[in-house]
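Working notes, structure below.
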Amino acid sequence: MPQDFLGRIWYILDNNWMSFLTGAVNTMIIALVSTLIGCVIGFAVGLVQTIPLDKKGNPLKKGLLYLVRLILNIYVEVFRGTPMMAQAMFIYFGSSAVFGINMSMWFAAFFIVSINTGAYMAETVRGGILSIDPGQTEGAKAIGMNHVQTMMYVILPQALRNIMPQIGNNLVINIKDTCVLSTIGIVELTYATRSVAGALYTYFEAFSIAMVIYFILTFACSRLLRMWEKRMDGSDNYDLATTDTLAHTSGLYKYTGREEDDE
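Counting from 1 along the sequence shown, just add 42 to a position and that's the residue number in this note's numbering.
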């Protein structure tokens, strides 16, 4: 074992690079898949939470909607108000002890991170929907759209852009928070790092390597998501068709193919 810090770092990487690579790959798989599933859960819960209550409607439907909302609110508050490590221990070990359900470690890992992400995304989606001008909902209803059609074709496409940064934040958080899954035996990056550090008694060096790997993963994901956001925004470069103030405020833009059409 070399005596200098950089020498020990190289020695650890040279002899244990496969352990770090396996841990990093498992971390990214869990984070990406669980974030995707969590977003689906969050959108579903957020949509239900924004369904308007018709005071003059069917009492049975009102009661059912109220009950569903109550259950979803409890779900959101519980999973937002408790640490993921406690959730992992409770679900993985509790499902077997209380309900007799023997989950595999990987199924439990995806399930835990997904429902945790879904709880956070539910509030994000609800906030994104409420941030859209209510006049657009009223306009959609005026042309005969129901709530689902209004959400799918009018509100959600706009809300998605508003909540894109939070989706990226949740992905970055999940990349880091997968470390708690080592408590149920998942070989993610932190678990692999502990194994290497324990075998060589080089905790400082091993976790220095892990920190660099975590940073590379989160930084790369953040950059890619920011590029996606810019692509969704489109180009900000356009020419106005006239210098008239009223035309400016009405959004009259120059059509580049107009001269060709005139010819």
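The beta carbon of each residue, even a glycine, is placed where N, CA and C say it ideally should be.
Once the 5 residues before and after G88 are set aside, which same chain residues still bring their CB inside 7 Å of it? Taking the first residue of the sequence shown as position 1, residue 88 is located at position 46. Excluding positions up to five away in sequence, the list reads A164, V167, R168 and I171.
First through last residue of the alpha helix (DSSP H) which encompasses L63: What you label residue 63 is simply residue 21 of the sequence shown in a count that begins at 1. Taken as a continuous stretch (DSSP letters only), the alpha helix (DSSP H) holding L63 covers F47 to Q91.
Assigned exposure category for I258 - 16 Cβ within 10 Å defines buried: Mapped onto the sequence shown, residue 258 falls at position 216. I258 is exposed by the Cβ-count criterion.
Exposed or buried, Y134, counting other C-beta atoms within 10 Å across all chains shown (16 or more means buried)? As a working note, residue 134 is residue 92 in the sequence shown. Label assigned to Y134: buried.
If you draw a straight line from the alpha carbon of D46 to that of S61, how long is it in whole angstroms? Counting from 1 along the sequence shown, the entry for residue 46 is found at position 4. Counting from 1 along the sequence shown, the entry for residue 61 is found at position 19. Rounded to the nearest angstrom, the two C-alpha atoms are 22 Å apart.
Can you give me the start and stop residues for the alpha helix (DSSP H) that I154 sits inside? Locating residue 154 in the sequence shown gives position 112, counting from the first residue. It spans M147 to L172 - the alpha helix (DSSP H) in which I154 sits, taken as one unbroken run.
On the CB-based measure, 16 or more other CB atoms within 10 Å of its CB, does N115 come out buried or exposed? The count along the sequence shown starts at 1 and reaches residue 115 at position 73. That one is exposed.
Are the CB atoms of R111 and Q91 nearer to each other than 8 Å? Here residue 111 corresponds to residue number 69 of the sequence shown, with the count starting at 1. Here residue 91 corresponds to residue number 49 of the sequence shown, with the count starting at 1. Between R111 and Q91, the CB-CB gap stays under 8 Å.
Out of curiosity, what's the CA-to-CA distance linking I157 and V254? On the sequence shown, residue 157 is found 115 positions in, with the first residue counted as 1. On the sequence shown, residue 254 is found 212 positions in, with the first residue counted as 1. Their Cα atoms are separated by approximately 28 Å.
Tell whether a beta-carbon distance below 8 Å holds between S173 and N216. The count along the sequence shown starts at 1 and reaches residue 173 at position 131. The count along the sequence shown starts at 1 and reaches residue 216 at position 174. 8 Å or more divides the Cβ of S173 from the Cβ of N216.
Is it buried or exposed for F85, if we count other Cβ within 10 angstroms and need 16 for buried? Against the sequence shown, residue 85 aligns to sequence position 43. Buried.
Drop a sphere of 10 angstroms on the beta-carbon of M126, count the other beta-carbons inside from all chains shown, and report buried for 16 or more, exposed for fewer. Position 84 of the sequence shown, counted from the first residue, corresponds to residue 126. That one is buried.
What are the start and end residues of the alpha helix (DSSP H) that includes I217? In the sequence shown, the residue the question calls residue 217 occupies position 175. Segment L198 to D219, the alpha helix (DSSP H) holding I217.
Buried versus exposed, by CB contacts within 10 Å (16 or more), S76: Translated into positions along the sequence shown, residue 76 becomes position 34. Per the 10 Å Cβ criterion, buried.
Kindly confirm or deny that the region 62 to 69 and the region 222 to 233 touch, where touching means at least three C-beta pairs closer than 8 Å. yes
Does N57 pass the burial test, meaning 16 or more other C-beta atoms within 10 Å, or should it be called exposed? Taking the first residue of the sequence shown as position 1, residue 57 is located at position 15. Its Cβ having fewer than 16 others within 10 Å, N57 is exposed.
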